[in-house]
Structures are given as C-alpha cells and as structure tokens.
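Residue numbers (the working numbering): 37 to 553.
Here the structure comes first, spelled out in structure tokens, and everything after it is commentary.
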C-alpha cells in the first residue's frame, strides 16, 4: 500500500517499499496519484493529512475489504462546514453520517482515506481534475455512487484522535456553492443561497455568486463497474436462512408464496408466519400450514393484535438462523431467487440488501450495477443477523409511514450498508384483498390543527435527518402544500402551517417514547 502524506495542498512525502517517490514531493495529491498509477497500477493508496499521521489505525486500514469499487475516507471534524450545510440541498440519508461507525455516504474527505489505484484510474478518466483533492473525491463519489461505487465514511481509520471542531466556513462557501451548481439542479443553488442568508446569516455575496458560472457536471461516460459474472459467485447452498412473513386476510396469496419457497434451489430452514386477525372470535384460517407437508419448518404465530411493526418484531424474536428474508404475503419468486440473491450479496460482502419489486417477472438484458440504497424494503430484503443486532421496527410508526426506512437507518447506524439489486427481482402482486387496509383512528385526530407532516414522517426526520435537511424539508412542504389547501392569504397560511408543524413535532415526540418501550 502506497502511503501519501500531505498538508492539504501539496504532498509532503510518499512511503512505499522499494520505490523512491521523492520527486513527487511538493506536487498536488491528484498529480501524485496519477503518476503512481503509471508505476504501480495494481497497488492501493492511503492518503493522510500530516496532522493525523500519529493517529492512523493501520490494523483497521490493512484489514479493509479493498476492491476496485470501494472508496473509504473519514473527516474527523464534526463541525465541518461543507458536511453540515450540504443538507440544505441534499435531503438523502447520505448526509446524516455517523462519527462512531462506518456509514455509507458520498461525503468523502481528503483528511484520511484508502482506495485502489484502479479506482482512481477510473475516477481520473470520468471526472474533470483540479487541484482540490477534497472536491475531486466528493465529486467522483457523488456521481459514481449511483453507478455502483461503494463509498464509506470510516471513523476507525483514526485511533484516539480528539475532534477539534474547527469552523471551516470562511474557505468553504464558494466551494459549496460551486458543488451545488455542478451536481444538483439549478433550483437547489438558489435554495442554498436562501439558506446562507436566512439560516446561516452569511452575506459573502462574491463568494456565493462567482461559482454560479460553473457548468453542471456529469460522468463523462458510463461504465460497468461491478461485474458479477458467474466466475465470481460463491456456493451458498450451505447458508442457512429464515423467511419472515406477516400476513392478514390473504390465505390464497400466502399459499402461493409458500409454494414458491418450497421450490427454491436453496431452501429456507424456517418460514416464520405472523398471522393477524382483529376479530377476537376467529381462529387461524391457514389450515394448509398443518394439512400439507413442507420441506421447511413452519413457525406459525396467530395474534389478534394488528400492526405490521408488531408482527415483524414477533417474527424477529423467532429467527434462529444467520440470514433473514423479509418477505410480503403477496409476492412471487423464481425458483433460484434465494440462491441468486445470496450469491450476489456474498460476492460483494453485503450483509443487507433490498431487491427490485416488479409487477411482472422480467429477465433483464442490461442489468444495472448494485448500488448503495437510501431506503429499505421490509418485504423484499435479505439481511444477516450481524447487521440487525439491536434493530427493531419502531412501535411509534405503527399504522403510519416510515418503519421500513427507519429500520434501514438502524442498520446503517450499526455500521452496515444496504445495497439495492435490480436482479433477481421479486414480483409484487399488490393483492386487492387483505393486508393492512383498515384505516385506524389516530391519536391526533382531535387536534384543532391537523399535524403537517404526518407525525410518523416527522418522527423519522427527527431521528435520522440533520438540522439543515429539516429546515429545507419544512420550506419545501410549506410551498408545495400551499397549492392544495384552502387558505390563500400567505400570511394566514404561514401562521396555520407553523401551528400544524408544531402539532406534528409534539406527536412525534410522543411516538418516539413508544419506540423506547
């Protein structure tokens, strides 16, 4: 592994056994990397700012799973201006990075990081080069993450470093405006300028205006980055997997799911079925669970308590094997779905993945690369037990929205990633009967001002989004909702919306306590 040390602007030294790279001292980091690619193209490279050299955790660094598609870095400054303020224009989960565990994000850093020179060769071909190494890393990660490059913030790259929380706003304003202009739609640039003025109280007009003349940036070409050919796929027939299915009122559809599972080339060990029926006078309607013979153990739990969060948590308590397939009761699967899914996951060392749901079975000729996903499919995902240690479906989300996305965030905060695979896909029938169709009477139904947004949405945002992200979300909701409501006086509407937002916050806090139970 080549080790490049720098002072943020220039290379100070390069270490690599058997090679003398002193001639690169004083050059930009990107120039040094481009020269290294010519000499040792198969090597990996560690870059580190001189301030952090004594804190490098070489044990972790040497144990990283380095491939031609992985990019690791870490910015130890929790008060970094760019990372904090980019939330005004990017509402994705990539911005809420963890400073304790590995976290999937395009927010790469020049402070310390590791990647293969093969990946840098690709990056230098696809992204325009400038002298700002930090900007280059962020730009490449932002553009390539959706194409299959896996980017991670890894706090364990440094050991024992105490964050000094330096404020970098004075040098980051123009950089942030430029980045927004080059990587987001034009409207987001004006959103950022608005946020600078009204939230950050920044009035550096020249720094804010001069970057507006940069062109929008895209990858210069599309490439196949992850080649999951049959030669790279492992034998997964010895892996043990349980299937978890909550169900209500879909006996025929569930039977078809069980038949598909019965025909799998890799059979599940247990199929855990949580059957719900709110009618206390009724018993189970799934006679075929006992009347027919199945090549796996059926773990059947019947309850009169409805709610998908409760059902999945009951199912999680019954899981005994290392892999879990979270499934719906109205899907159809090809006979080798589980085998193909596990093969692709193990090939990429993935412990959590969601799979594409389609209305009709499709054979893809141009399958997209697997990529880091910002959500989680609670009825179309396979996870390893290690990734969901301590994870539960929050009771505060019951009969609302967001429990699946929140579960995905718990996985990420545990230090694991959620990948999305376009294939093998799952046919989701969206059955017109059964399911969780009864609209419950919500606790906030009698509020004078109906909460806006839904308290479950607010709960998710309070738990998983940054201050900057929620400020922008509030503004966007305010503007979009104005068209569909009856108050046309903007001042009266603002007063009403403000009260609705406060009601939503109040109930979100109440719901958060349910999550803690």
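Don't be surprised by glycine CBs; every beta carbon is placed ideally from N, CA and C.
{"query": "Local Cβ density within 10 Å of residue 450, reported as buried at 16 or more and exposed below that", "result": "buried"}
{"query": "Cβ neighbour criterion (16 or more within 10 Å) applied to residue 468", "result": "exposed"}
{"query": "Close beta carbons around residue 193, own chain, < 8 Å, minus the five adjacent residues each side", "result": "92, 93, 96, 97, 108, 109, 110, 148, 149, 150"}
{"query": "Extent of the continuous beta strand (DSSP E) to which residue 108 belongs", "result": "106-110"}
{"query": "Cβ-Cβ distance between residue 183 and residue 461 below 7 Å", "result": "no"}
{"query": "Within 7 Å, strictly: CB atoms of residue 494 and residue 544", "result": "yes"}
{"query": "CA nearest to the CA of residue 289, picked from 337, 224, 365", "result": "365"}
{"query": "Coarse secondary structure for residue 241, derived from DSSP in three states", "result": "helix"}
{"query": "Contiguous beta strand (DSSP E) assignments of at least 3 residues, all confined to the segment 353-438", "result": "359-363, 388-394, 416-420"}
{"query": "Reduced DSSP secondary structure (H/G/I, E/B, other) of residue 537", "result": "helix"}
{"query": "Cβ distance (whole Å) where residue 270 is taken to contact residue 383 below 8 Å", "result": "7 Å"}
{"query": "Neighbour-count burial assignment, residue 112, 16 or more Cβ in a 10 Å radius", "result": "buried"}
{"query": "C-beta contact flag for residue 282 and residue 348 at 7 Å", "result": "yes"}
{"query": "Sequence-distant residues of the same chain with beta carbon closer than 7 Å to residue 343, five excluded per side", "result": "434, 435"}
{"query": "Which listed residue (502, 427, 410) has its alpha carbon closest to that of residue 181", "result": "410"}
{"query": "Run of the beta strand (DSSP E) containing residue 151, from where it starts to where it stops", "result": "148-152"}
{"query": "N-terminal and C-terminal residue of the beta strand (DSSP E) that residue 336 is part of", "result": "333-339"}
{"query": "DSSP beta-bridge partners of residue 99", "result": "Bridge partners of residue 99: none, in fact."}
{"query": "Rounded separation between residue 385 and residue 273 - CA only", "result": "16 Å"}
{"query": "Residue 38, enclosing beta strand (DSSP E) - first and last residue", "result": "38-42"}
{"query": "Rounded straight-line distance, which links the Cα of residue 532 to that of residue 518", "result": "11 Å"}
{"query": "From 316, 298, 338, 238, residue whose alpha carbon lies closest to that of residue 328", "result": "298"}
{"query": "Exposed unless 16 or more other CB atoms sit within 10 angstroms - verdict on residue 476", "result": "exposed"}
{"query": "Sequence-distant residues of the same chain with beta carbon closer than 6 Å to residue 138, five excluded per side", "result": "188, 190, 451"}
{"query": "Limits of the unbroken alpha helix (DSSP H) element including residue 288", "result": "287-298"}
{"query": "Validate contact between the segment 122-136 and the segment 158-167 using beta carbons, cut 8 Å, 3 pairs", "result": "no"}
{"query": "Residue-chain proximity (residue 100, chain B), Cβ-Cβ < 7 Å", "result": "In the structure shown, chain B does not exist; there is a single protein chain."}
{"query": "Residue span of the alpha helix (DSSP H) that contains residue 71, given as start and end", "result": "65-75"}
{"query": "Residue 49 (DSSP reduced to helix, strand or coil)", "result": "strand"}
{"query": "Rounded separation between residue 335 and residue 538 - CA only", "result": "44 Å"}
{"query": "Selected residue, minimal CA-CA separation from residue 484, among 535, 120, 121", "result": "535"}
{"query": "Residues bridged to residue 188 [DSSP beta-bridge criterion]", "result": "108, 140"}
{"query": "Buried/exposed call for residue 84, threshold 16 Cβ in 10 Å", "result": "buried"}
{"query": "Continuous beta strand (DSSP E) stretch holding residue 280: start and end", "result": "277-283"}
{"query": "Status (buried if at least 16 other CB within 10 Å, exposed otherwise) for residue 185", "result": "buried"}
{"query": "Beta-carbon gap between residue 178 and residue 224 smaller than 7 Å", "result": "no"}
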